[in-house]
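> Before we start, here is the structure in question, set down as structure tokens.
Residue numbers (the numbering used here): -11 to 120.
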């Protein structure tokens, strides 16, 4: 009887862990989708908000050149960037608070598909892009 109880308890613990991991990866995938959509829509403020504080600051520093471009050049960048299609191909939990998101980038004009990754980490209970 004790053995059956232990087996049931162990199975419940495994199912609870699997469910928690699944929810975490779904939330991390949602953050990845939000980041990629914002980034390629040239909404860098929103994209930075999906990141850890450090990466968000680095992103905003890196895109300062975009904000200094003439308006017609910014429009051209937006036109090209808005044609980019990203597709998440896998989401893998590598630790309790870290997820690797693999995604494809399909560029306009039949360029070859690019493959890339994001590292999403949990910061104060919220998933944030830590590396891309």
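Ideal placement from N, C-alpha and C gives every residue a C-beta, glycine not left out.
1. Taking the alpha carbon of residue 74 as the point to measure from, which residue in 14, 50 and 20 has its own alpha carbon closest?
2. In angstroms with no decimal places, state the Cα-to-Cα distance between residue 62 and residue 55.
3. Do you know whose CA, among 27, 86 and 80, lies nearest residue 50's CA?
4. Pick from 59, 22, 95 and 99: whose alpha carbon is nearest that of residue 39?
5. Can the beta-carbon of residue 100 be found less than 7 Å from the beta-carbon of residue 71?
6. In whole angstroms, what is the alpha-carbon distance linking residue 109 and residue 53?
7. Return the chain-ordered ranges of every alpha helix (DSSP H) run that is complete within the region 20 to 63 and spans a minimum of 4 residues.
8. Ordered along the chain, which non-local residues of its own chain (more than five positions away) have a Cβ less than 6 Å from that of residue 80?
From the atom records:
1. 20
2. 8 Å
3. 27
4. 22
5. no
6. 28 Å
7. 32 to 37, 41 to 50 and 52 to 56
8. 88
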